[in-house]
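Residue numbers (the UniProt record's numbering): 1 to 81.
Each remark here refers to the structure printed beneath this line.
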Amino acid sequence: MNHQHTMDCLDQLYQLLTSMQGQINLLVDVLHSCPRHELSISSDNLLNALVVLSQQLEAAQGIASGELLETLWLNAGRMKR
Numbered sequence: 001m002n003h004q005h006t007m008d009c010l011d012q013l014y015q016l017l018t019s020m021q022g023q024i025n026l027l028v029d030v031l032h033s034c035p036r037h038e039l040s041i042s043s044d045n046l047l048n049a050l051v052v053l054s055q056q057l058e059a060a061q062g063i064a065s066g067e068l069l070e071t072l073w074l075n076a077g078r079m080k081r
């Protein structure tokens, strides 16, 4: 796998994670805007699960962008040689 392909894959992963996090945040906002008495136990559990998933996606985005930065840094080091 060449560096360009790796960077393209990381960029696609980052974009996908960003999109997923945006959708989850919209769902969380909708659930937060519902009156508490209208939320059932299961929807409250769903809200908690979405918050956790959003945090995990944020961490994955950090990993993906960190990997991308590391790849760029390594490539820059090779180009200087």
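Each residue gets a CB set at the ideal place from its N, CA and C atoms; glycine is no exception.
Exposed unless 16 or more other CB atoms sit within 10 angstroms - verdict on residue i
i: Ile24; result: buried
i: Ala59; result: exposed
i: Leu10; result: buried
i: Leu17; result: buried
i: Ala49; result: exposed
i: Leu57; result: buried
Alpha helix (DSSP H) segment containing residue i, residue limits
i: Cys9; result: 3-33
Distance between beta carbons of residue j and residue i, contact taken as under 8 Å
i: Leu31; j: Ser43; result: 7 Å
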